[in-house]
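Working notes, structure below.
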Amino acid sequence: MSSNVRVRFAPSPTGYLHVGGARTALFNYLFARHHGGKFILRIEDTDRERSTPEAIEAIIESLKWLGLDWDEGPYFQTRRYPLHKEKAQKLLAEGKAYPCTCTSEELEAKRQAAQKAKRKPVYDGTCRKNRGDPVVISARLTAERKPYTIRFLSPQSGTTVVEDAVKGRVVFENSELDDLIIARSDGSPTYNFSVVVDDVDMAITHIIRGDDHLANTPRQILLYQGLGYPIPQFAHVPLILGTDKARLSKRHGATSVMAYKDMGYFPEALVNYLVRLGWSHVRFLPVPERSRSEPRQSSARSRGIRVVVGGRGLEPLTSCMSSMRSNQLS
Ligand SMILES: [Zn+2]
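If you're matching positions, the sequence shown starts at 300 in my numbering and goes up one per residue.
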């Protein structure tokens, strides 16, 4: 059986693969296998200062150990800059983006002023005046020796809706989203922009990732619309938390996949454990009553599954604060 389902796991190689990342990879892998689709590995190494070859190696080794074989990749985002650049230029040419010459000092001063006035520190749109023929404008800025970033022109009013397979309908006010920088002054793409361009170029149909990315999603949807692309299905899965309900970190004990290997666990045991985290059993873990009201950003945040894991190895699941609408993923 084959289908057009294409999913990706896209870690940033700034450290080892932790169990939360492995769980996201596992969901993508299972979804691809269930639908006879493709599972793609993409290394998001755009943070040049924090990305290391050792981390790339560790991520690949961990995925191999878990048996999460990918069908394509690994692709490296930094090798795809020409495509990102081309798409940024396209948005400029269409008047959907503009050069911003604000210096970091100016932006910082504006941010502080906004904070003082108790306003949300969104970009004030000073450089929107730079819209127009990109050739003429960039020639002028080059002549004036003004370095510039490229900002995406975002709508000032209305809402952007994320129809999430896990969280449901999440509505964001556009007034809360400012004009996102899509390319830095050195021409390199920023995170949200390169993610969207690559997901489109790789024909990703379902974006299954940690719910820490939900806040990025309305910006990414606006970029899809700006680039004229169909929006994929999003599914934001909750992060794994420690027993103290804080985001899982080193202080909770072993969090890296390879630490479990070193402790003598079989990969099958870890995969089994991860796939069942947050799997609510009706007899033991009743689903809390969900809000009947229209979910908005704030309520949706508390609504996903918060999966809690014991810090010392594969101990039993200690609590589960909500349940997952995993049936929507099948
Ligand atoms: Zn500006």
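By construction, the Cβ of each residue, glycine as well, lies at the ideal position given by its N, Cα and C atoms.
Treat the numbers as computed from the prediction; the structure is a model and nothing was measured.
M557 places its beta carbon less than 8 Å from that of S361. Contact between the region 364-373 and the region 395-412 is absent, with fewer than three C-beta pairs closer than 8 Å. Between P312 and T345, the gap from beta carbon to beta carbon reaches 8 Å or more. Rounded to the nearest angstrom, the gap between the Cα atoms of F375 and A387 is 19 Å. Within the region 449-492, the complete beta strand (DSSP E) segments at least 3 residues long are 458-463, 467-472 and 480-482, listed from N- to C-terminus. In the three-state scheme derived from DSSP, where H, G and I count as helix and E and B as strand, F565 is classed as coil. Of the other Cβ atoms in all chains shown, fewer than 16 fall within 10 Å of the Cβ of E407; this residue is therefore exposed.
DSSP places P373 in the strand class (E or B) of the three-state scheme. Short of 7 Å from the beta carbon of R439, and not among the five residues preceding or following it, lies no beta carbon of its own chain. Taking C-beta separations shorter than 7 Å and ignoring five residues to either side along the sequence, the partners of L325 in its chain run L367, V570, L573 and V574, following chain order.
Residue nearest to R341 within the set G563, F471, D370 and Q519 is D370 (criterion: CA-CA distance). According to DSSP, residue pairing for P398 in a beta bridge involves I449. With a cut-off of 7 Å, the C-beta of T400 is classified as near ligand 1, since at least one heavy atom of the ligand falls inside that distance. According to the DSSP assignment, A442 belongs to the alpha helix (DSSP H) that extends over P433 to A442.
By the C-beta criterion, the region 459-466 is judged not to be in contact with the region 419-433, since fewer than 3 inter-stretch pairs fall below 8 Å.
Contact between I506 and F533 is confirmed by a C-beta separation of about 5 Å, below the 8 Å threshold.
Its chain contains H383 and A482 as the residues whose beta carbon lies nearer than 6 Å to that of P488, once the 5 sequence neighbours on both sides are disregarded; these appear in chain order.
Between the alpha carbons of V435 and R379 lies a gap of roughly 27 Å. Counting C-beta atoms within 10 angstroms of its own C-beta, K544 has fewer than 16 neighbours from the protein chains shown and is therefore classed as exposed. In the DSSP assignment, H317 forms a beta bridge with S555.
The C-beta separation of F308 from T323 comes to about 6 Å, placing the pair in contact by the 8 Å criterion.
The region 494-530 is shown to contain whole beta strand (DSSP E) runs of 3 or more residues at 505-509, in chain order. Annotation note: the region 320-344 contains no uninterrupted alpha helix (DSSP H) run of length 4 or greater. For R305, the enclosing beta strand (DSSP E) covers residues R305 to F308.
Around the beta-carbon of F330, 16 or more other beta-carbon atoms lie within 10 Å, marking it buried. Taking non-hydrogen atoms of ligand 1 into account, the C-beta of T425 is found less than 7 Å away from one of them. Taking H334 as the centre and dropping the five residues before and after it, the same chain places the C-beta of S302 and V304 closer than 6 Å to its C-beta, in chain order. Under DSSP, Q532 shares a beta bridge with H505.
The alpha carbon of D432 has as its nearest neighbour, out of G563, I355, L390 and Y315, the alpha carbon of L390. For A412, the enclosing alpha helix (DSSP H) covers residues S403 to K415. In the DSSP assignment, R430 is bridged to no other residue. Counting along the chain, the unbroken alpha helix (DSSP H) around S361 starts and ends at P352 to L365.
Sequence-distant Cβ neighbours of A357 in its own chain, meaning closer than 6 Å and more than five residues away, are Y315. A Cβ-Cβ separation of about 5 Å places R518 in contact with L479 under the 8 Å criterion. Taken through DSSP and simplified to helix, strand or coil, R347 comes out as coil.
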